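For the sequence shown, our numbering assigns the number 431 to the last residue and increments by one with no breaks. Just so it is clear, CB atoms sit at the ideal spot from N, CA and C, and this is done for glycine as well. None of the values given here were measured: they were computed from a predicted structure.
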Amino acid sequence: MWDSGRSPMAIRFVIYGLLGWCMEIVWTAVTTTLKGEQQGWRLEGKSYLWMFPIYGLVAPLFEPLHDLLRPWPWLARGSLYVLGFWTVEYGTGWLLRRLTGACPWDYSRTRWHVHGLIR
């Protein structure tokens with residue numbers, strides 16, 4: 313169907329966005345239950361509409377980085393990925409705060425946070 317073996321970037325953007333949403337909903341459902349923040353086994357999770365494009369950014373930002381860093385040692389690759397994730401999380405959180413007055417996540421009550429946007 314396509315010339316290359318890879319799906320078009322737009323399709324991969326949607327796939328990453330949907331996978332990110334699903335993982336976040338499962339994560340919040342499980343962690344709030346284990347912390348006792350919700351009663352019983354309702355396993356109610358949540359996410360934000362803003363998160364879809366943020367998770368989708370993995371396709372254009374991190375796929376090329378993965379291809380570039382593939383031959384590097386795993387510790388160097390992992391360190392750069394963490395730095396990249398923190399940069400995207402901080403940047404998108406800062407932008408959302410500027411545009412809407414609030415960021416969907418708030419780490420200001422956690423230890424080692426940076427402006428409440430990353431930890």
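- At a Cβ-Cβ threshold of 9 Å, Leu392 and Leu381 count as neighbours.
- Using a Cβ distance threshold of 9 Å, Gly405 and Cys415 count as a contacting pair.
- For Ser391, the enclosing alpha helix (DSSP H) has its first and last residue at 386-412.
- It is roughly 10 Å from the alpha-carbon of Gly332 to the alpha-carbon of Leu369.
- Note on Tyr328: 16 or more other CB atoms within 10 angstroms of its CB, so buried under the neighbour-count rule.
- C-alpha of Leu411 to C-alpha of Ser319: approximately 32 Å in a straight line.
- Ile327 is bridged by DSSP to nothing; it lacks a bridge partner.
- One alpha carbon belongs to Tyr360, the other to Pro385, and they sit about 35 Å apart.
- Counting other Cβ atoms within 10 Å of its Cβ, Ala388 stays below 16 and is therefore classed as exposed.
- The C-alpha of Ile366 lies about 19 Å from the C-alpha of Val426.
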